[in-house]
Every structure is written in structure tokens, then in C-alpha cells.
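Participant: Okay, handing you the structure first.
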Amino acid sequence: MLPKLATLSHDGFREDPETRAFLGVKNSATGRAWRERLDNVSAMQAQAIAQRNGIPDIVSRVLAGRGVVAEEAAEFLEPSIRSLMPDPSSLVDMDAAAACIADAVERGEGVAVFGDYDVDGATSSALMTRGLRSLGLDPRIYIPDRIIEGYGPNPAAMHDLKAGGASLIITLDCGSVSFEALEEARKIGLDVVVADHHQVGVELPLCTALVNPNRQDNLSGQGHLAAVGVTFLVLVALMRELKKRRYFNGNAPDLLSWLDLVALGTVCDVVPLKQLNRAYVTKGLVAMHRRQNAGLAALADVARINGPLAPYHLGFLLGPRINAGGRIGDAALGARLLSTDDASAAGEIAAHLDRLNAERQAMEAAMLEEGEAQATAVMLDGEGPSVLVTGADNWHPGVVGLIASRLKARHRRPTFAISFDADGKGTSSGRSVPGVDLGGAVRAALDAGIILKGGGHAMAAGLTVMRDRVDDLKVFMEERLAADVTASREDHVLKIDGAVTASGATLDLMALLEKAGPYGTGHSEPVFALPSHRVTFADTVGNGHVRLSLEGSDRSSIKAIAFRCADQPLGQALLGARGHMLHVAGCLSLDHWQGAPKVQMRVLDAAEPKLGQR
126 MLPKLATLSH DGFREDPETR AFLGVKNSAT GRAWRERLDN VSAMQAQAIA QRNGIPDIVS
186 RVLAGRGVVA EEAAEFLEPS IRSLMPDPSS LVDMDAAAAC IADAVERGEG VAVFGDYDVD
246 GATSSALMTR GLRSLGLDPR IYIPDRIIEG YGPNPAAMHD LKAGGASLII TLDCGSVSFE
306 ALEEARKIGL DVVVADHHQV GVELPLCTAL VNPNRQDNLS GQGHLAAVGV TFLVLVALMR
366 ELKKRRYFNG NAPDLLSWLD LVALGTVCDV VPLKQLNRAY VTKGLVAMHR RQNAGLAALA
426 DVARINGPLA PYHLGFLLGP RINAGGRIGD AALGARLLST DDASAAGEIA AHLDRLNAER
486 QAMEAAMLEE GEAQATAVML DGEGPSVLVT GADNWHPGVV GLIASRLKAR HRRPTFAISF
546 DADGKGTSSG RSVPGVDLGG AVRAALDAGI ILKGGGHAMA AGLTVMRDRV DDLKVFMEER
606 LAADVTASRE DHVLKIDGAV TASGATLDLM ALLEKAGPYG TGHSEPVFAL PSHRVTFADT
666 VGNGHVRLSL EGSDRSSIKA IAFRCADQPL GQALLGARGH MLHVAGCLSL DHWQGAPKVQ
726 MRVLDAAEPK LGQR
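Position one of the sequence shown corresponds to residue 126 (the numbering used here), numbered consecutively onward.
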């Protein structure tokens with residue numbers, strides 16, 4: 126039998142993992158039970174990591190809680206591109222892709238870069254453009270209009286690029302299922318190289334090369350990469366091919382200087398931060414600190430970011446601004462911003478994207494209010510449907526994904542948001558919860574003839590449905606997903622890495638935690654609890670945020686903020702606790718506002734000590 130181990134936090138606060146309810150919280154402000162992240166086995170692994178590697182307890186606990194074992198800890202804390210990068214040729218069609226692009230470079234051919242309209246597409250397009258420019262080409266960037274053209278290459282765009290002088294099209298973050306467009310490209314004499322990462326079936330479109338680690342015949346083990354990560358490998362293979370051809374008189378371009386783009390696309394596409402992705406982001410953040418990319422620097426300035434960039438800034442401040450162009454403006458703005466070296470032009474584009482993002486936020490707020498009213502109406506006094514389906518005629522199709530995401534988070538169930546056009550055709554995005562495969566359900570609805578188009582993956586999907594089939598869609602989703610949704614909702618917990626106090630949340634602690642990062646999908650940010658801290662200040666700021674001051678028993682204090690929750694149970698609990706004690710759980714970060722960095726907490730949950738322990 127394994128020994129019974131206690132949790133020792135950074136401040137020496139002990140918890141018994143077998144009691145399960147951390148700090149006794151079984152029903153928090155958000156309706157969650159708090160659970161110790163480490164079970165007995167992982168707690169022993171944390172001890173082994175600390176003893177074998179001389180790593181502080183708090184860091185070893187964070188590592189063990191994310192599946193790192195003692196033998197891998199030292200290398201994990203120092204990820205490197207060199208040690209983690211695979212041979213690019215291990216990806217199917219990579220050598221053919223490199224040879225084709227190298228031919229175009231040597232001949233000085235016209236090349237067009239065709240990207241998707243999200244951040245992964247924008248960063249992939251900017252990265253490939255910078256790579257080709259460094260080799261003497263002047264590629265044209267083409268990003269399709271989300272509303273008019275939809276996702277991926279289309280035949281009309283192929284003709285447009287051909288007429289503009291292109292003989293080679295490189296599609297990035299798209300193209301793997303563009304059968305019609307790529308067939309048309311071949312008919313009119315275009316070479317096409319695809320660099321993508323989306324799931325595909327056995328049948329593939331005809332093209333010169335299709336590099337996708339998620340092809341069913343690909344055994345490279347790199348399926349976790351975002352498209353920008355795949356694009357980087359294509360450039361590595363291209364430079365290697367050109368070296369073989371003795372193309373360079375001097376040194377080849379420094380690809381590592383462009384890792385800032387790879388980091389941005391990787392974080393914003395929410396791919397797992399494991400293996401090569403961790404190295405991409407770690408080294409990319411270092412590159413960002415140098416502010417060599419004029420577009421990234423300008424975007425950080427308009428976002429009013431103080432201090433070094435962290436994954437949080439990429440995902441929640443920079444990414445949404447780039448996405449705003451693809452959602453409600455010019456889809457190519459992001460790619461142009463990230464590929465320019467003109468600081469003045471970068472400033473103008475960044476300011477435009479900032480304005481578009483503000484418009485998007487206002488649009489989202491109005492749509493969310495309407496969507497919440499629809500959700501509340503079907504919930505009534507009971508639990509309501511397992512899958513929420515909302516929609517309206519006036520909703521912008523570029524924003525429905527955000528509405529689905531917000532409603533999913535509020536009601537803890539898969540949600541679709543639909544924008545209907547004048548003909549009753551609905552464009553929808555759906556977001557799911559852990560354990561519920563929404564993409565599979567959408568594909569099944571397509572096979573059943575309920576929807577016109579559809580696809581996606583477990584956590585996110587898109588579909589097109591006629592208004593008169595929406596009720597059929599609701600019934601289909603309810604029958605297919607109800608059991609999985611129920612199971613997911615029953616497992617509604619917040620995993621806690623340990624307890625700290627305001628005085629224990631120091632800059633030294635942050636430095637230790639940073640070594641175990643970067644954090645994101647597949648390597649979650651540590652969550653700590655502040656036990657029984659007094660709320661000395663609480664008020665609303667900005668767009669429904671709640672700002673707090675929390676004081677420990679020794680009168681030390683820490684600033685905290687809870688985002689977008691003023692009208693939610695968590696925000697109401699925090700605002701109503703002025704002068705009272707609360708258990709507060711969240712993530713620690715550095716606030717660089719007005720000079721010296723200070724540790725603050727991003728609040729995720731709270732519980733009254735007595736009420737939470739019942």
C-alpha cells in the first residue's frame with residue numbers, strides 16, 4: 126500500500142490528498158469542488174523530482190502535476206529547439222515541398238502565400254513571407270474573406286493568383302481538404318504546396334506536396350503542432366535543400382529570429398504546449414523581448430502591455446486584435462502587420478486592428494446579452510437542455526464562435542451560436558466541454574442530412590444549417606450527447622496545486638514557477654489557493670472585471686482581479702465579501718504597471734470558509 130502523503134505548500138500549509146476537498150471546499154462560488162491536483166502517486170513523483178534534480182518543492186509539485194517524471198525534469202526545464210526538433214523529412218511530402226519551393230527560389234518565380242484568417246494563419250503567412258523575402262522573392266499574401274469566400278482555397282482565388290503572376294501557391298493552415306480548388310489550380314498550371322495541421326481523411330487533394338503531420342499516413346509524431354510550427358519546419362527543410370544546392374554565398378537566414386511568430390501562432394491556436402511546441406514558445410518569448418518584429422511591437426504598444434510578454438498576453442491581448450481583422454474587417458491585416466518592417470505602417474495597422482477589436486467587443490457584448498436571454502429562457506428553473514443552440518438574424522457570423530464560447534463557459538454545456546442570413550441559412554460555431562466530442566456529433570449530423578456542411582474537432586466545430594432544420598439539430602444533439610454532457614458536468618472541479626499566502630506570493634516564487642512554464646493547453650497554468658484572506662477592497666473596473674485587495678493574517682496583501690464576472694456568481698461573491706474572509710483560488714502573474722513588477726492573482730474561484738466546508 127502506498128504511504129499517505131500530505132501536501133506541503135510553498136508556505137507550509139498542509140492538506141491531506143485523500144480528503145479530496147481542498148480547504149474543505151465542496152461547492153464554490155462557481156459551483157465547483159476544489160481538489161488537490163496531486164494524488165499519492167504524483168506526490169511521490171514530486172518528491173523524486175525534487176530529490177533527484179535539486180528542484181524546489183513548489184516547482185517539483187507543478188511538474189509532477191503535469192505528468193513530468195524525475196528522469197525528464199532537467200531537460201523539461203531547459204527546452205531547446207535543437208534537441209526537440211525532428212528531422213523535417215520525417216513528415217510525409219516534406220522533401221517534395223522543399224524541392225518545389227527551392228526550384229521557385231532559384232528561378233525567381235512568382236509565389237503566392239495563401240493563409241487562413243485566424244492568428245495561426247496570419248503568423249504562418251508572415252513567417253513564410255519573411256522566409257521567402259530573405260531568399261530574394263516578393264510573395265503575395267492572400268487571406269480569404271471569412272464571410273464571402275469562407276475557409277481555405279477556392280477556384281476563383283486560384284485564377285486570381287495565376288493572373289497576378291503566381292506560378293506556385295503555398296497554402297498555410299488550410300488546403301488539406303480543398304479538393305475543388307486544388308484541382309482547378311492544377312488545370313491552370315499552378316504548383317501547390319500545402320502546409321497544414323488539420324485532421325484529414327484518407328483521400329487527399331491533388332497537389333505537388335501536402336505536408337500535414339495529421340495525415341493518416343504520417344508517422345512523424347508531430348500532430349500536436351500548429352500550422353505555424355509546421356511552416357517553420359518547411360522553412361528548415363527549404364534552407365537545408367538550398368544549402369545542398371550551394372545556393373548561399375554566405376550564411377543562410379537566421380530562422381530562430383522569427384520564433385516570435387511561431388510562439389504567437391502556437392499559443393493562439395491552443396495546441397498542446399508539449400515537446401517541440403514548448404521550445405517554440407519558450408524561445409519565441411525570448412525573441413519577442415527584443416522587439417525586432419515591428420508589427421508585434423506596435424501591437425503590444427496599442428494593447429498597452431507593460432513588461433515582458435507572456436503566453437497570457439499572446440492569447441488574450443495580441444491574438445484577439447489580430448483575429449478582429451478576420452472576424453469583422455480586412456482578413457489580411459494581421460498577416461500584413463506581422464510581415465512588415467516599416468514601423469510607421471505597422472503602427473497604422475496595429476491602431477486599425479485595435480479599433481476593430483473594440484468594435485468586435487461591443488458587437489460581442491450585444492450578441493452575448495441576446496444569447497444569454499435565449500439560454501435563460503430554455504433553462505427555466507431546471508437544468509435545461511444538454512446542448513444549447515442559440516441564434517439570431519442580426520448576429521455577425523465572424524463573432525458567433527466567441528458567443529458560443531462565452532455561453533459554454535457560463536452554462537457548462539456545449540453551445541452553438543448561429544447567424545442566419547436573409548435566406549434562412551445559418552452559419553454556426555460550436556464550443557464544447559471536456560469529455561464531449563462536438564466535432565464527431567457535427568459530422569454525424571451531416572451524415573444524417575440535418576445540416577448542409579459541418580466539421581471540426583472535439584472541443585470546437587462549425588456547421589451550416591437551414592432555419593427550418595434547427596429543431597431537428599437540437600433533438601439530434603440532445604440524443605447523441607446528453608449522457609456525455611451529464612458525465613462532464615458531474616466532474617466539475619477546480620484542481621489546486623497548493624496553498625500560498627499573500628506574503629508567500631513573491632518575485633522569487635514567480636521566477637521558480639516561470640522555469641516550469643510556459644503554460645497553456647496541455648500544460649496548464651498552476652492554480653493556487655489563498656486560504657482565509659480578508660477582502661479589504663473590491664470594485665468593478667473595465668468591462669465587468671472585479672478588482673480586489675486581499676490581506677493575509679500577517680497583514681501582508683496582494684492585488685487580484687477576476688475577469689468578466691461582475692454579473693456572475695463569482696463576481697457577486699467577491700463584491701459582497703468586502704471586509705470578510707474568503708478562500709480565493711487563481712493563477713499568479715506579474716503586474717509591471719508603473720515600474721517595478723508586483724505579484725498579483727488572476728482569480729478563478731472563491732468560497733466562504735465556513736460555507737465552503739459544509
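Note that beta-carbon positions come from the ideal geometry of N, C-alpha and C, so glycine has one too.
Quick check on Ile559: buried or exposed, where buried means 16 or more other Cβ atoms within 10 Å of its Cβ?
Facilitator: Looking at the sequence provided, one finds Pro at residue 559 rather than Ile. Exposed, since its Cβ has fewer than 16 Cβ neighbours within 10 Å.
Participant: I'd like the ranges of any beta strand (DSSP E) spanning at least 3 consecutive residues and lying wholly in the stretch 544-579.
Facilitator: DSSP runs (the beta strand (DSSP E)) wholly in the stretch 544-579: 550-556.
Participant: Please state the DSSP three-state secondary structure of Cys299.
Facilitator: Coil at Cys299, not helix or strand.
Participant: Mark Glu615 as exposed unless 16 or more other C-beta atoms lie within 10 angstroms of its C-beta, in which case mark it buried.
Facilitator: Classification for Glu615: exposed.
Participant: Considering only residues of the stretch 165-251, which uninterrupted alpha helix (DSSP H) runs meet the minimum length of 4 residues and lie entirely inside it, listed in chain order?
Facilitator: If we require 4 residues or more, the alpha helix (DSSP H) runs fully inside the stretch 165-251 come out as 165-178, 182-189, 198-202, 206-209 and 219-232.
Participant: Tell me the DSSP secondary structure of Tyr267 in three-state form.
Facilitator: In this structure, Tyr267 counts as strand in the three-state DSSP scheme.
Participant: So what does DSSP say about Val503, is it helix, strand or coil?
Facilitator: Val503: helix per DSSP, three-state reduction.
Participant: Identify every residue that forms a DSSP beta bridge with Ala624.
Facilitator: Paired residues: Ala654.
Participant: What residue does the beta strand (DSSP E) around Leu160 start on, and which one ends it?
Facilitator: In the sequence under discussion, the amino acid at residue 160 is Arg, which differs from the Leu named in the question. Ala158 to Glu161 is the span of the beta strand (DSSP E), which, as asked, contains Arg160.
Participant: For Ile266, tell me which candidate among Leu252, Lys578 and Arg365 has the shortest Cα-Cα distance.
Facilitator: Comparing Cα-Cα distances from Ile266 to each of Leu252, Lys578 and Arg365, the minimum goes to Leu252.
Participant: According to DSSP, is Gln486 part of a helix, a strand, or is it coil?
Facilitator: DSSP places Gln486 in helix when its eight states are reduced to three.
Participant: Please report the straight-line C-alpha distance between Ala502 and Leu571, rounded to a whole angstrom.
Facilitator: Using only the alpha carbons, I get a separation of about 28 Å.
Participant: So what does DSSP say about Gln725, is it helix, strand or coil?
Facilitator: Looking at Gln725 - three-state DSSP - the assignment turns out to be strand.
Participant: State the start and end residues of the unbroken beta strand (DSSP E) segment that holds Cys712.
Facilitator: From DSSP, the beta strand (DSSP E) with Cys712 extends over Met706 to Asp716.
Participant: With 16 other CB atoms within 10 Å as the buried threshold, where does Gln347 fall?
Facilitator: By the 10 Å Cβ count, Gln347 comes out buried.
Participant: Could you round the C-beta distance between Val660 and Gly711 to whole angstroms and report it? I think they count as a contact, below 8 Å.
Facilitator: Not quite, the Cβ-Cβ distance comes to about 13 Å (not below 8 Å), so this is no contact.
Participant: Do you know offhand how far Pro722's Cα is from Asn431's?
Facilitator: Their Cα atoms are separated by approximately 10 Å.
Participant: Within a Cβ cutoff of 7 Å, which residues of the same chain sit near Arg568, ignoring the five residues on either side of it in sequence?
Facilitator: Cβ neighbours of Arg568 beyond the five flanking positions: Gly579 and Gly580.
Participant: In chain order, what residues of the same chain have a beta carbon less than 6 Å from the beta carbon of Leu262, not counting five sequence neighbours either side?
Facilitator: Excluding sequence neighbours, Leu262 sits near Val236.
Participant: Can you say whether Lys312 is buried or exposed, counting buried as having 16 or more other CB atoms within 10 angstroms of its CB?
Facilitator: Lys312 should be labelled exposed.
Participant: Using a 10 Å radius around the Cβ and a threshold of 16 neighbouring Cβ atoms, would you call Phe441 buried or exposed?
Facilitator: With fewer than 16 other Cβ atoms within 10 Å, it is exposed.
Participant: Under the assumption that Arg370 contacts Ala229 (Cβ atoms under 8 Å), give the Cβ distance between them as a whole number of angstroms.
Facilitator: Between Ala229 and Arg370 the Cβ distance is about 13 Å, and since that is not below 8 Å, they are no contact.
Participant: Quick check on the burial criterion: 16 or more other C-beta atoms within 10 angstroms. Buried or exposed for Glu161?
Facilitator: Under this definition Glu161 is a buried residue.
Participant: Short of 6 Å in beta carbon distance, which residues of its chain neighbour Ala732, apart from the five on each side in sequence? Order them along the chain.
Facilitator: Excluding residues within five positions, the ones whose Cβ falls inside 6 Å are Val150, Ser153 and His708.
Participant: Starting from the Cα of Leu384, find the closest Cα among His414, Tyr437 and Phe304 and give me that residue.
Facilitator: It is His414 whose Cα lies nearest to the Cα of Leu384.
Participant: Run through DSSP, which three-state label would Ala583 get?
Facilitator: Looking at Ala583 - three-state DSSP - the assignment turns out to be coil, as it is neither helix nor strand.
Participant: Would you kindly check if the distance between the Cβ of Leu315 and the Cβ of Ile295 is under 8 Å?
Facilitator: No, they are not a contact pair.
Participant: The alpha helix (DSSP H) spanning Glu305 covers which residue range?
Facilitator: Start and end: Phe304 to Lys312.
Participant: DSSP beta-bridge partners for His322?
Facilitator: In the DSSP output, where bridge partners are listed per residue, His322 has none listed.
Participant: Contact between the stretch 435-453 and the stretch 384-398 is defined here as three or more beta-carbon pairs at a separation below 8 Å; is this criterion met?
Facilitator: Counting Cβ pairs under 8 Å, three or more are found: they touch.
Participant: If you draw a straight line from the C-alpha of Glu603 to the C-alpha of Leu527, how long is it?
Facilitator: Their backbone Cα atoms lie some 22 Å apart in a straight line.
Participant: Using the beta-carbon count (16 or more within 10 Å), is Asp248 buried or exposed?
Facilitator: It should be noted that the sequence gives Thr, not Asp, for residue 248. So Thr248 counts as buried.
Participant: What is the rounded straight-line gap between the Cα of Met492 and the Cα of Pro213?
Facilitator: The alpha-carbon atoms of Met492 and Pro213 are separated by roughly 44 Å.
Participant: Count Cβ pairs between the stretch 546-554 and the stretch 471-486 that sit closer than 8 Å; are there 3 or more?
Facilitator: Taking 8 Å as the limit for Cβ pairs, the verdict is that the stretch 471-486 does not touch the stretch 546-554.
Participant: Out of His536, Glu489, Thr356 and Leu481, state which residue places its alpha-carbon closest to the alpha-carbon of Leu505.
Facilitator: Among His536, Glu489, Thr356 and Leu481, the Cα nearest to that of Leu505 is on His536.
Participant: Applying the 10 Å Cβ sphere with the 16-neighbour rule, what's the burial state of Gly192?
Facilitator: Gly192 should be labelled exposed.
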